[in-house]
Amino acid sequence: SWREVGGIRLASSPERMEEIRRLVGMARSFGVDMELISPREAQDKFPLMSLDGVVGAAYTPNDGIIDPTGLTNALAIGAKSRGARIFTGTTVQKINLKNGRVSEVVTDKGTIKTEIVVNASGLWGREVGKMVGLSLPVIPMAHLYLMTLPIEGVDHSTPTLRDPDLLVYWREEVGGFVMGGYERQPATFGLKGIPKDFKFQLLPPDWERFTPLMENSIKRVPVMEKAEVKKLLNGPEGFTPDGEYLLGPTSVKGFWVACAFCAHGLAGAGGIGKIMAEWIVDGSPEWDMWRLDVRRFGPNYNSLDYAAARTLETYTQYYDIHFPGEERMSRRGQRVSPTYYRLRDLGCHFGEKFGWERPNWFSRYEEAATHGHEPKGWARHNWSRAIGHEHLMTREHAGLFDETSFNKFEVRGRGALKFLNHVCANEIDQPVGSITYTQCLNKRGGIECDFTVNRLAEDRFFIVTGTAFGQHDMSWLSLNMPEDGTVTIDDVSSNYACLGMWGPRARKILEKVTTDDISNEGFPYMTSKRMTVGDVPVIASRVTYVGELGWEFYCPMEYGLRLWDTLWQAGEPEGMVAGGYKAIDTLRLEKGYRYWSGEITPDYTPYEAGLGFAVKLDKADFIGRDALIKQKKDGVKRKLCTITLADDRTITLGKEPVRAEGKIIGWVASGGYGYSVRKSIAYAYLPMDHAKTGTKLKIECFGEQVDAEVAQAVLWDAKGERIKA
Numbered sequence: 209s210w211r212e213v214g215g216i217r218l219a220s221s222p223e224r225m226e227e228i229r230r231l232v233g234m235a236r237s238f239g240v241d242m243e244l245i246s247p248r249e250a251q252d253k254f255p256l257m258s259l260d261g262v263v264g265a266a267y268t269p270n271d272g273i274i275d276p277t278g279l280t281n282a283l284a285i286g287a288k289s290r291g292a293r294i295f296t297g298t299t300v301q302k303i304n305l306k307n308g309r310v311s312e313v314v315t316d317k318g319t320i321k322t323e324i325v326v327n328a329s330g331l332w333g334r335e336v337g338k339m340v341g342l343s344l345p346v347i348p349m350a351h352l353y354l355m356t357l358p359i360e361g362v363d364h365s366t367p368t369l370r371d372p373d374l375l376v377y378w379r380e381e382v383g384g385f386v387m388g389g390y391e392r393q394p395a396t397f398g399l400k401g402i403p404k405d406f407k408f409q410l411l412p413p414d415w416e417r418f419t420p421l422m423e424n425s426i427k428r429v430p431v432m433e434k435a436e437v438k439k440l441l442n443g444p445e446g447f448t449p450d451g452e453y454l455l456g457p458t459s460v461k462g463f464w465v466a467c468a469f470c471a472h473g474l475a476g477a478g479g480i481g482k483i484m485a486e487w488i489v490d491g492s493p494e495w496d497m498w499r500l501d502v503r504r505f506g507p508n509y510n511s512l513d514y515a516a517a518r519t520l521e522t523y524t525q526y527y528d529i530h531f532p533g534e535e536r537m538s539r540r541g542q543r544v545s546p547t548y549y550r551l552r553d554l555g556c557h558f559g560e561k562f563g564w565e566r567p568n569w570f571s572r573y574e575e576a577a578t579h580g581h582e583p584k585g586w587a588r589h590n591w592s593r594a595i596g597h598e599h600l601m602t603r604e605h606a607g608l609f610d611e612t613s614f615n616k617f618e619v620r621g622r623g624a625l626k627f628l629n630h631v632c633a634n635e636i637d638q639p640v641g642s643i644t645y646t647q648c649l650n651k652r653g654g655i656e657c658d659f660t661v662n663r664l665a666e667d668r669f670f671i672v673t674g675t676a677f678g679q680h681d682m683s684w685l686s687l688n689m690p691e692d693g694t695v696t697i698d699d700v701s702s703n704y705a706c707l708g709m710w711g712p713r714a715r716k717i718l719e720k721v722t723t724d725d726i727s728n729e730g731f732p733y734m735t736s737k738r739m740t741v742g743d744v745p746v747i748a749s750r751v752t753y754v755g756e757l758g759w760e761f762y763c764p765m766e767y768g769l770r771l772w773d774t775l776w777q778a779g780e781p782e783g784m785v786a787g788g789y790k791a792i793d794t795l796r797l798e799k800g801y802r803y804w805s806g807e808i809t810p811d812y813t814p815y816e817a818g819l820g821f822a823v824k825l826d827k828a829d830f831i832g833r834d835a836l837i838k839q840k841k842d843g844v845k846r847k848l849c850t851i852t853l854a855d856d857r858t859i860t861l862g863k864e865p866v867r868a869e870g871k872i873i874g875w876v877a878s879g880g881y882g883y884s885v886r887k888s889i890a891y892a893y894l895p896m897d898h899a900k901t902g903t904k905l906k907i908e909c910f911g912e913q914v915d916a917e918v919a920q921a922v923l924w925d926a927k928g929e930r931i932k933a
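Note that the sequence shown covers residues 209 to 933 in my numbering.
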């Protein structure tokens with residue numbers, strides 16, 4: 209049964225109150241009823257709490273409690289009524305594959321023929337994954353919570369209470385409390401293998417680990433000091449390195465994942481069932497699931513030691529305030545480019561993605577920065593004045609960027625062109641040496657991938673995609689690849705270093721170190737060719753993600769440092785700077801370049817995202833074509849808009865509600881500051897009647913309504929003259 213009792217989230221510090229204001233805004237973006245309440249109002253709803261240190265709170269009236277047994281039985285009954293068979297007390301011994309695809313499940317009671325298996329095995333997720341050769345990042349954690357006997361003043365109407373500053377939560381059960389949290393000294397379970405006889409069991413109580421949470425609970429709810437403890441439960445739960453679910457398809461055809469719900473399995477059960485059914489049957493779920501997609505984890509998480517270290521770190525920080533640009537610190541330095549130590553010597557402040565150490569910014573430029581812009585609030589965290597300097601020097605002179613962490617695939621075979629034209633919306637049949645920017649779509653026309661395709665030969669193509677999207681994009685391509693042996697896909701990411709050099713002086717710098725023709729006539733925009741830079745053999749691609757003249761250079765990994773040194777020595781006298789990914793992001797925001805998982809996702813089509821130029825409806829059929837034909841005929845009802853804020857120190861972080869005439873009409877997809885246009889920029893999908901340039905808007909940032917307006921689509925070099933100079 210479901211009891212709607214409401215939920216309270218406390219702020220016991222000014223910083224936490226800012227977080228709550230942001231959460232309330234995000235909730236409004238998605239139609240969730242959440243409101244700010246005063247400390248006294250919170251105590252009125254939960255009289256047993258102490259207000260010591262409480263600054264404010266958020267209240268969710270629709271929050272509630274559900275009976276786990278009743279929910280489980282209801283879902284089972286619903287499944288059976290639709291033809292499902294449930295086998296209890298049955299051991300899965302192995303999962304057989306045929307030609308790389310699931311073919312059968314072998315149990316101690318017989319064999320089941322099937323082409324689809326969903327790994328919904330919770331804390332056993334990693335072990336079940338091993339049956340098909342996968343190493344899933346599922347780490348069982350010993351999760352503690354306490355149950356009390358009935359307490360006076362606690363009844364079925366008592367709301368749930370969370371105090372993240374004290375790391376604890378409470379909910380009513382049988383007239384008492386269930387109280388738990390996320391301790392700073394957590395413990396894993398079964399990393400060397402879960403005992404075969406472990407089922408429906410708990411671990412021994414661990415009061416030493418739980419005592420700090422108990423002490424914190426007494427601070428907020430004093431009656432806990434004298435409450436009679438019914439029992440302390442220590443139950444293992446499947447957790448992940450980022451604290452989110454594992455969902456979706458894997459690299460093994462027919463093997464799906466829906467596990468490691470991080471102690472939120474009951475809350476997610478029904479919705480996850482819906483999503484997984486849509487995903488399996490239709491090829492994509494109704495909503496963008498990237499944040500929960502199993503493919504967000506790269507091969508670096510195949511290491512149990514690495515995955516466990518990250519999971520422990522995330523678990524301890526579950527209730528912490530997570531500021532933008534926050535970096536994980538465990539197991540750093542796992543993957544480094546050839547330039548790593550050179551960049552470190554230049555004062556590089558590194559970030560991490562997919563295990564790669566990547567340059568965020570270079571502290572050497574902090575004193576030289578003269579732009580004068582400083583964001584306020586949360587945007588100041590993990591920020592440096594050097595970012596603006598790198599941005600402006602790239603616009604005025606040149607910037608050199610290490611992009612080795614980009615994922616690179618090679619697609620080849622006599623069926624390669626036909627295959628790529630089937631999965632890509634743009635026309636891939638271009639002359640050898642051409643580079644094509646394209647998206648891959650789902651059947652609804654939503655954007656599943658966003659990358660460039662470089663045609664190296666008639667039957668050989670080189671794909672470049674973002675650092676975080678390698679597993680995802682490789683999986684999408686592999687799942688749609690023909691099984692007749694005419695196409696081969698190889699991940700060659702670790703074979704090539706990649707450096708990007710852009711800026712108005714890029715050609716002058718490159719001319720110093722090559723004898724190849726790099727004029728506009730000899731090397732047009734969106735083409736590539738093999739050439740030599742210094743004594744380094746490279747594939748040079750004339751593309752840009754910053755909106756300036758320049759190239760990306762791909763060379764065998766062992767040449768990477770030599771390539772950096774060659775370009776750096778030629779470019780530094782011309783005013784070239786070393787640049788990081790934070791500057792790339794501000795540069796591309798001004799230019800209107802899209803970022804998958806930010807402005808473009810499976811929820812939006814190319815026409816809605818302003819990428820219709822990359823769609824060729826007149827070519828042979830491709831995935832999503834029918835949906836786009838219909839949308840083009842009917843017209844789009846929303847579009848991605850460029851928005852500028854009146855206060856240039858207010859930086860949107862994403863998910864803030866956007867209002868027009870007092871009504872919420874959308875939410876921010878991404879945002880940042882444009883150092884060249886000197887504007888705070890946000891992107892949001894808006895209804896067409898509010899998408900016209902000049903439309904007045906308000907964006908809610910931490911409870912403040914900030915004036916904004918729809919701007920022209922591209923704020924920097926709208927005609928593209930600089931990139932083709």
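Don't be surprised by glycine CBs; every beta carbon is placed ideally from N, CA and C.
If you're wondering where the values come from, they're calculated on a predicted model, not measured in any experiment.
| Query | Result |
| --- | --- |
| 8 Å Cβ cutoff met for residue 622 and residue 667 | yes |
| Under 8 Å between C-beta atoms of residue 218 and residue 287 | no |
| Cβ-Cβ distance between residue 348 and residue 398 below 8 Å | yes |
| According to DSSP, residues forming a beta bridge with residue 753 | The partner list for residue 753 (beta bridge, DSSP) is empty, contrary to what the question assumes. |
| Burial state of residue 210, where buried means 16 or more other Cβ atoms lie within 10 Å | exposed |
| Cβ neighbours of residue 725 in the same chain (closer than 8 Å, five flanking residues each side left out) | 731 |
| Proximity to residue 752 [Cα-Cα], best of 746, 745 and 761 | 761 |
| Spatially closest choice to residue 904 from 451, 858, 573 and 866, by CA coordinates | 866 |
| Best match in 750, 808 and 329 for proximity to residue 653 [C-alpha to C-alpha] | 808 |
| Beta-bridge pairing of residue 447 - partner residues as DSSP gives them | 347 |
| 8 Å CB neighbourhood of residue 640 in its chain, flanking five on each side removed | 663, 664, 665 and 666 |
| Own chain, CB closer than 7 Å to residue 506, minus 5 neighbours either side, in chain order | 562, 563, 678 and 679 |
| For residue 207, three-class secondary structure by DSSP | One cannot answer for residue 207 here, as it falls past the ends of the chain, which runs 209 to 933. |
| Nearest-angstrom Cβ-Cβ length linking residue 790 and residue 931, presumed shorter than 8 Å | About 21 Å separates the two Cβ atoms, so there is no contact after all. |
| Test item: CB-CB of residue 927 and residue 635 under 8 Å | no |
| Rounded separation between residue 1016 and residue 239 - CA only | With the chain represented from 209 up to 933, any question about residue 1016 goes unanswered, as that position is not in the structure. |
| Residue 906 - DSSP class collapsed to helix/strand/coil | strand |
| Reduced DSSP category for residue 489 - H, G, I as helix; E, B as strand; rest coil | helix |
| The region 766-780 in contact with the region 441-459 per 3-pair CB rule at 8 Å | no |
| Minimum C-alpha distance to residue 308 - residue among 315, 301 and 324 | 324 |
| Neighbourhood of residue 836 by C-beta, 8 Å cutoff - its chain only, sequence neighbours within 5 removed | 633, 649, 653, 813, 814, 815, 823 and 825 |
| Three-state secondary structure assigned by DSSP to residue 762 | strand |
| Closest Cα partner of residue 556 within the set 803, 787, 251 and 891 | 787 |
| For residue 696: DSSP bridge partner residues | 620 |
| Element boundaries [alpha helix (DSSP H), containing residue 599] | 593-604 |
| Contact check, residue 356 vs residue 437, beta carbons under 8 Å | yes |
| Candidates 351, 312 and 759: closest to residue 304 by CA position | 312 |
| Buried or exposed (CB count within 10 angstroms, at least 16 for buried), residue 276 | exposed |
| Where residue 353 falls: helix, strand or coil (DSSP) | strand |
| Residue 481 in three-state terms, based on DSSP | helix |
| Residue interval of the beta strand (DSSP E) (run including residue 515) | From DSSP, residue 515 is part of no beta strand (DSSP E) but of the alpha helix (DSSP H) over 512-524. |
| Beta-carbon proximity check, residue 617 vs residue 682, cutoff 8 Å | yes |
| Span separating the alpha-carbon of residue 495 from that of residue 811 | 6 Å |
| For residue 680, the first and last residue of its enclosing beta strand (DSSP E) | Taken as a continuous stretch (DSSP letters only), residue 680 belongs to no beta strand (DSSP E), being part of the alpha helix (DSSP H) at 678-687. |
| For residue 763 and residue 740, the rounded distance between their alpha carbons | 10 Å |
| Three-state secondary structure assigned by DSSP to residue 414 | coil |
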